[in-house]
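Residue numbers (my numbering), protein chains in the order written: chain A, 1 to 316; chain B, 317 to 560. Before any comments, here is the structure.
Set out below in C-alpha cells:
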C-alpha cells in the first residue's frame, strides 16, 4: 500500500482483462496535486484503458483505485497483508510451513507465504472465514466512496468529444452543475459564460454541437468538464480525432490550463506537448509501466529499450 | 347509367340513412380510435419498462455478475421474463391472443373494451419494446460515457441524455406502430366489440348489401392511415431539420 496521503489519484496493482486479453497487467501509480502527467505508448498498449480505469469507466479486474484518499473500487485483498494474514488459506499454509521449516523466523515466513498467496491467487472470498471478512468490510466501510460522487471531481475529455448532441452548447455546460451541484441556472450560466469567454467561443452558446468544428467541440468539452470544478482532468487522446490545423487550438487551451495549476493526466501522441508541459511522462507498454521520468530525462536519456525504439519511431 | 346512379343512391340511403345507420359507423369508428389510443399508451408503457430492463441488463451484466448479489439476480430474472414475453407475444397471432384474453384470462369480465385494450396493448408492447431498445442502442456509447464521467448515475444519464436522444430516433417508428395498431384492432369484432369493422359488418347483415358498408369501412381506414402517414412524414422532416 502506498503511503503518499497527498496523492489525488492512486492506483495500486491495477489489472484489466477483456476476456483472455490482458490489457493491463499490474500498474501502480500516483498523481499528485498540480502535476501534469502525460501517458504515452504504442497503440494497444493499454494507455487509454489505464486512463479509463482511473474514473472507472472501465472496471478494473484486480487492484484498487483511490481518489483523494477514498476507495472507489472493491477492496483487493492481495494489496493488504493484514487481510491476507487473517485468511484461512494463510493459516493453513502457515501451519504447514512451520512444520516443514521449524527454524524459520516469523517475519520471513510471512513474506514467503504472502508472496505465495499473491502469486498463485489462492484466496477464495467465500472460504476465508469471519475475521478476514470483517476486516475486508472494515477497510471498505472506512474508505469507500460512491463512484458517482467521486466522478464529480474528475473531469474527462474524450477523443470523440462526446458533447451531448441534443443540447445546446450552454446546456451542455450547465447541465451537470445544475443537476449535480444544485447550482441555480443563473449562477451556472454566469459561470459558463466566463468559461466560454476564456476559450473565445462566447458566440457559440446557443449553437448545437453539430454546428461546430472538431476543435471547437473539443474546447467546449474541456470547459464542460471544468464547469464542475474538478480536481483532476483526464484527457483521452484529445487531439487524435482532429484535423491537423485544429490540434493547436486545443493544445493551447490545455497548456493554459496546465499553467493555472490544474492537475492533468493526458494520454496523447503529441510529443511536443509532453516535452513542453508535462511534469512527468509515463511510458506504458504491454500493460505495464515501462518507464516513468521527467520529460528531460524521458526524452533525452530513455533507459528502457522499448522506449528508445518507440521514441526513435515517433520523433523523426 | 341513370338507373345505375339511382340504384347507387338507393343503396346509400338504405345502408346509411335509413334508421340512422351511419351512426353505427361513427360509433364503431370512435370505438376503434379509443381502443387504438389506449392500447398504444399501454404498449408504450410496457415497451419502456421492457426496453429499460433489457438494455440495462445488456449493459450491466458483466460488471454486476462479478459482484453478484440480489440486484443481479433480480435483473437477470426480470430479463428472463421479458425475453419470454417477447417470444410468446411475437410468436403467436394477435387474434389468438385476443381470444385467450377474452375467453380464458378475463372470462369473468364483461368489459370487452378493456379486454381489447389490454390485449392489443400487451401485443403492441412487445414491438414497441424492440423499437425502444433499438433506439437506446443507436444512441452513441460516448454520450453515455460523457454523462457518467460528469458524475451522473446510470438512471440520471438515461433520463437527461440517452432517452431524449432515443425518443427523437424512435418517434416516427412509434407513430407507425399506431398506424399498424389501428388496422390490427379490426379483429376486435371477434369478441363482440362493435368497432368500425364490426359496425360495417352489422349493416351488411341488416341490409343484405355488402358493397356500400364494407367499402365505406375500408375508405375510413384508408383515410385515417393516409392522414397519419402524412403527419409522420412531416414529423420526420421536422426532426431531421432540427437535427443538432
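C-beta: ideal position from N, C-alpha, C; glycine also.
Please check if any C-beta of chain B sits within less than 8 angstroms of the C-beta of residue i.
i, result
"residue 158 of chain A", "yes"
"residue 228 of chain A", "yes"
"residue 162 of chain A", "yes"
"residue 20 of chain A", "no"
"residue 304 of chain A", "no"
"residue 143 of chain A", "no"
"residue 148 of chain A", "yes"
What does the alpha-carbon distance come out to for the pair residue i and residue j?
i, j, result
"residue 342 of chain B", "residue 512 of chain B", "8 angstroms"
"residue 175 of chain A", "residue 352 of chain B", "37 angstroms"
"residue 288 of chain A", "residue 202 of chain A", "42 angstroms"
"residue 378 of chain B", "residue 286 of chain A", "24 angstroms"
"residue 535 of chain B", "residue 333 of chain B", "18 angstroms"
"residue 118 of chain A", "residue 171 of chain A", "49 angstroms"
"residue 349 of chain B", "residue 437 of chain B", "13 angstroms"
"residue 49 of chain A", "residue 423 of chain B", "58 angstroms"
"residue 320 of chain B", "residue 327 of chain B", "10 angstroms"
"residue 254 of chain A", "residue 553 of chain B", "40 angstroms"
"residue 184 of chain A", "residue 484 of chain B", "28 angstroms"
"residue 263 of chain A", "residue 85 of chain A", "37 angstroms"
"residue 520 of chain B", "residue 415 of chain B", "24 angstroms"
"residue 87 of chain A", "residue 109 of chain A", "15 angstroms"
"residue 466 of chain B", "residue 58 of chain A", "15 angstroms"
"residue 340 of chain B", "residue 538 of chain B", "18 angstroms"
"residue 17 of chain A", "residue 25 of chain A", "8 angstroms"
"residue 508 of chain B", "residue 146 of chain A", "57 angstroms"
Using a C-beta cutoff of 8 angstroms, does residue i count as contacting chain A?
i, result
"residue 560 of chain B", "For residue 560 of chain B, the pLDDT reaches just 49, beneath the cut-off of 50, and the residue's location in the model is therefore unreliable, leaving the point undetermined."
"residue 466 of chain B", "yes"
"residue 488 of chain B", "no"
"residue 379 of chain B", "yes"
Is it buried or exposed for residue i, if we count other Cβ within 10 angstroms and need 16 for buried?
i, result
"residue 242 of chain A", "buried"
"residue 305 of chain A", "exposed"
"residue 209 of chain A", "buried"
"residue 461 of chain B", "buried"
"residue 138 of chain A", "exposed"
"residue 62 of chain A", "buried"
"residue 514 of chain B", "buried"
"residue 425 of chain B", "exposed"
Once DSSP output is grouped into helix, strand and coil, what is the label at residue i?
i, result
"residue 162 of chain A", "coil"
"residue 71 of chain A", "strand"
"residue 270 of chain A", "coil"
"residue 115 of chain A", "helix"
"residue 64 of chain A", "strand"
"residue 286 of chain A", "coil"
"residue 103 of chain A", "coil"
"residue 10 of chain A", "strand"
"residue 145 of chain A", "coil"
"residue 262 of chain A", "coil"
"residue 417 of chain B", "helix"
"residue 35 of chain A", "coil"
"residue 187 of chain A", "helix"
"residue 361 of chain A", "Given that chain A is displayed from residue 1 to residue 316, the structure contains no residue 361 of chain A and the question cannot be resolved."
Give the residues of chain B in contact with residue i, contact being defined as C-beta atoms less than 8 angstroms apart.
i, result
"residue 176 of chain A", "466, 467 and 468"
"residue 151 of chain A", "464, 465, 466 and 467"
"residue 179 of chain A", "468, 472 and 476"
Closer than 8 angstroms by beta-carbon distance: list the chain A residues that pair up with residue i, in chain order.
i, result
"residue 484 of chain B", "166"
Could you tell me which chain B residues have their CB closer than 7 angstroms to the CB of residue i, listed as they occur along the chain?
i, result
"residue 57 of chain A", "461, 464 and 465"
I want to verify the contact list: residues of chain B whose CB lies under 9 angstroms from the CB of residue i, in sequence order.
i, result
"residue 293 of chain A", "Neighbours of residue 293 of chain A on chain B: none; closest Cβ ~29 angstroms, over 9 angstroms."
- request: May I ask you to list, following chain order, the residues of the region 452 to 480 of chain B that have a beta carbon less than 8 angstroms from some beta carbon of chain D?
  value: The question asks about chain D, but that chain is absent: this structure's protein chains are A and B.
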